[in-house]
Amino acid sequence: MRFGVLGFVAALFATVAVGAEARADDVAARAARLHRSAIVIDTHEDVPWELREHWADLGKDGATKHVDIPRLKKGGVGAVFFAVFTSAELAEKGQSAHVALELVDIIDRVVADHPRDLVAATTAAQIRAAHKAGKVAVLKGMEGGHALEDSLGILRVFHRLGVRYVTLTHTNSNNWADSLGDFTRTPYDPARTRKHGGLTAFGKEVVLEMNRLGLAVDVSHVSPETLRDVLAVGKAPPFASHSSCRALTDNPRNLTDDQIRAIAAAGGVVMINASSSFLDDDALKAARASKSAARADMKPTEPERKLTTLARYVDHIEHAMKLAPGAVGLGTDFDGIPDPPADFADVSYFPKLTEELLRRGHSEREVRDVLGEAFLRYLERVEQRAASPL
Ligand SMILES: [Zn+2]
388 MRFGVLGFVA ALFATVAVGA EARADDVAAR AARLHRSAIV IDTHEDVPWE
438 LREHWADLGK DGATKHVDIP RLKKGGVGAV FFAVFTSAEL AEKGQSAHVA
488 LELVDIIDRV VADHPRDLVA ATTAAQIRAA HKAGKVAVLK GMEGGHALED
538 SLGILRVFHR LGVRYVTLTH TNSNNWADSL GDFTRTPYDP ARTRKHGGLT
588 AFGKEVVLEM NRLGLAVDVS HVSPETLRDV LAVGKAPPFA SHSSCRALTD
638 NPRNLTDDQI RAIAAAGGVV MINASSSFLD DDALKAARAS KSAARADMKP
688 TEPERKLTTL ARYVDHIEHA MKLAPGAVGL GTDFDGIPDP PADFADVSYF
738 PKLTEELLRR GHSEREVRDV LGEAFLRYLE RVEQRAASPL
């Protein structure tokens with residue numbers, strides 16, 4: 388040995404240092420490559436409600452707070468579920484189906500206005516085809532089962548209009564399913580919205596009809612008893628379109644470890660919400676402290692917010708991945724939340740997420756699963772269940 392032991396050790400350190408730098412560059416390049424080829428799916432964005440309040444051309448920069456076509460492209464987004472969201476107030480006024488139909492129309496018009504960039508989709512195969520064609524697939528997810536106005540006929544009509552999931556409740560319990568309520572109300576009291584102790588007999592019929600049609604049952608917002616009943620009676624797996632991990636942040640909208648395991652065991656997936664108040668206890672406290680945060684899951688009313696980081700978002704994703712490998716994805720709630728992480732501020736930031744997951748040592752396959760493949764497999768399971776008699 389020409390350099391002796393010390394020289395050898397020095398050379399080894401130099402090699403390791405250069406290696407680390409090279410690896411860092413390598414991760415960025417790998418992330419960019421992986422992100423371009425992966426199908427990135429976000430299962431909850433409240434774009435239609437934003438556009439109904441303030442109409443804008445989605446093709447223009449800044450069309451809504453968190454979403455426009457230029458940012459969707461920069462973010463490498465392959466498919467989005469635009470929310471057909473109606474509030475508890477609309478349910479009280481008997482206007483929820485009416486407004487839901489207007490939101491369906493808004494989504495269809497936005498897609499029709501941008502045929503080069505967007506394409507309507509209702510199936511996993513159509514999402515894959517859109518990705519191949521270089522377009523963003525736009526799907527519809529109804530949030531707030533009250534918009535069905537207690538009618539299986541209306542459910543079937545919304546299915547024909549392209550709706551492919553229904554979040555059984557919003558912050559309000561409806562006539563057939565209990566909600567977990569409004570997490571921003573303090574003190575938080577789940578008894579406030581406990582009306583049935585889960586699903587009623589008709590609520591169970593709604594779930595089975597959704598299973599038969601191939602409409603995914605979304606359990607974000609529902610009470611623990613409703614989730615329990617969905618798991619017990621459902622013939623197809625449910626999913627959570629925009630919830631995070633209760634073990635990391637004690638927001639009642641988040642799922643407990645047992646719930647995450649149970650949803651995955653049934654064949655469902657958990658799509659992680661990017662609201663700071665879902666990801667970080669201090670941000671949750673800030674949201675609750677602010678009186679105007681009463682509708683924090685849907686309206687950006689507060690002037691001041693405590694924002695968390697992309698790293699914290701990834702902490703929640705990783706926690707769910709440990710409990711439910713291959714059954715975790717992204718349901719940011721962009722445009723429905725006032726407080727995404729400062730460094731994950733809108734749909735253009737998805738490539739940063741891919742890079743962070745790779746840096747943490749996850750395999751390309753695991754990252755692809757989180758970005759969209761886990762959800763695609765889930766959607767295929769829902770479709771297969773619909774294709775076979777219950
Ligand atoms: Zn929501």
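For reference, each letter of the sequence shown is one residue, going 388 to 777 in the numbering used here. By construction, the Cβ of each residue, glycine as well, lies at the ideal position given by its N, Cα and C atoms. Since the model is a prediction, treat every value here as computed from it, not as a measurement.
Alpha carbon to alpha carbon, how far is glycine 549 from serine 631?
27 angstroms
Quick one: is glycine 568 buried, meaning 16 or more other Cβ sit within 10 Å of its Cβ, or exposed?
buried
When you compare only the Cα positions, how much space is there between alanine 683 and arginine 572?
Residue placement at alanine 683 cannot be trusted, given a pLDDT of 43 that sits under 50; what the coordinates show is reported in the next sentence. The straight-line gap from Cα to Cα measures roughly 10 angstroms.
Residues in its own chain within less than 7 angstroms of alanine 698 by CB, not counting five upstream and five downstream?
Glu743
Same chain, Cβ closer than 6 angstroms to histidine 703, neighbours up to 5 away in sequence not counted
Ser631, Cys632, Leu635, Ile659, Leu666
Quick one: measure Cβ to Cβ for valine 594 and leucine 586, integer angstroms, because I've assumed they're closer than 8 angstroms.
7 angstroms
Within 10 Å of its beta-carbon, does leucine 535 have 16 or more other beta-carbons around it, so buried, or fewer, so exposed?
buried
Does DSSP classify threonine 636 as helix, strand or coil?
coil
Can you tell me whether lysine 527 is helix, strand or coil according to DSSP?
strand
What's the gap between the Cα of valine 427 and the Cα of serine 474?
28 angstroms
Backbone secondary structure at leucine 602 - three-state DSSP:
coil
Bridge partners of glycine 540, per DSSP?
Beta-bridge pairing links glycine 540 to no other residue.
Phenylalanine 472: beta carbon under 8 angstroms from a heavy atom of ligand 1?
yes
Rounded to whole angstroms, what's the CA-CA distance from aspartate 537 to alanine 627? Just pull it up for me.
22 angstroms
Short check: CB of alanine 670 to CB of aspartate 722, under 9 angstroms?
no
Compare the Cα-Cα distances from valine 701 to each of Gly716, Lys693, Ser607 and report the closest residue.
Gly716
Simplified DSSP assignment, three categories, for leucine 717:
strand
C-alpha distance - aspartate 720 paired with histidine 453, whole-angstrom precision
10 angstroms
Quick one: give me the first and last residue of the alpha helix (DSSP H) that aspartate 429 is part of.
Taken as a continuous stretch (DSSP letters only), aspartate 429 belongs to no alpha helix (DSSP H), being part of the beta strand (DSSP E) at 427–432.
Between the C-alpha atoms of alanine 680 and serine 664, what's the straight-line distance to the nearest angstrom?
Because alanine 680 carries a pLDDT of 45, less than 50, the predicted location of this residue cannot be relied on, and the following value inherits that uncertainty. Rounded to the nearest angstrom, the two C-alpha atoms are 11 angstroms apart.
Closer than 7 angstroms by C-beta to glycine 718: which residues in its own chain qualify, once you throw out the five before and the five after it? Chain order, please.
Asp429, Thr430, His431, Ser628, His629, Met658, Ile659, Asn660
Is it buried or exposed for glutamate 479, if we count other Cβ within 10 angstroms and need 16 for buried?
exposed
Work out the CA separation of glycine 532 and valine 486 for me, nearest whole Å.
13 angstroms
Hey, is serine 607 close to ligand 1, as in C-beta under 8 angstroms from one of its heavy atoms?
yes
Minimum length 3: unbroken beta strand (DSSP E) runs contained in the stretch 689–759:
715–717
Cβ distance (whole Å) where valine 553 is taken to contact methionine 597 below 8 angstroms
6 angstroms
If you draw a straight line from the alpha carbon of glutamine 771 to that of proline 624, how long is it in whole angstroms?
11 angstroms
Could you work out which residue in Gly465, Arg547, Gln482 is closest to alanine 517 when comparing CA atoms only?
Gly465
Complete runs of the alpha helix (DSSP H) confined to the stretch 534–587 [at least 4 residues]:
539–547
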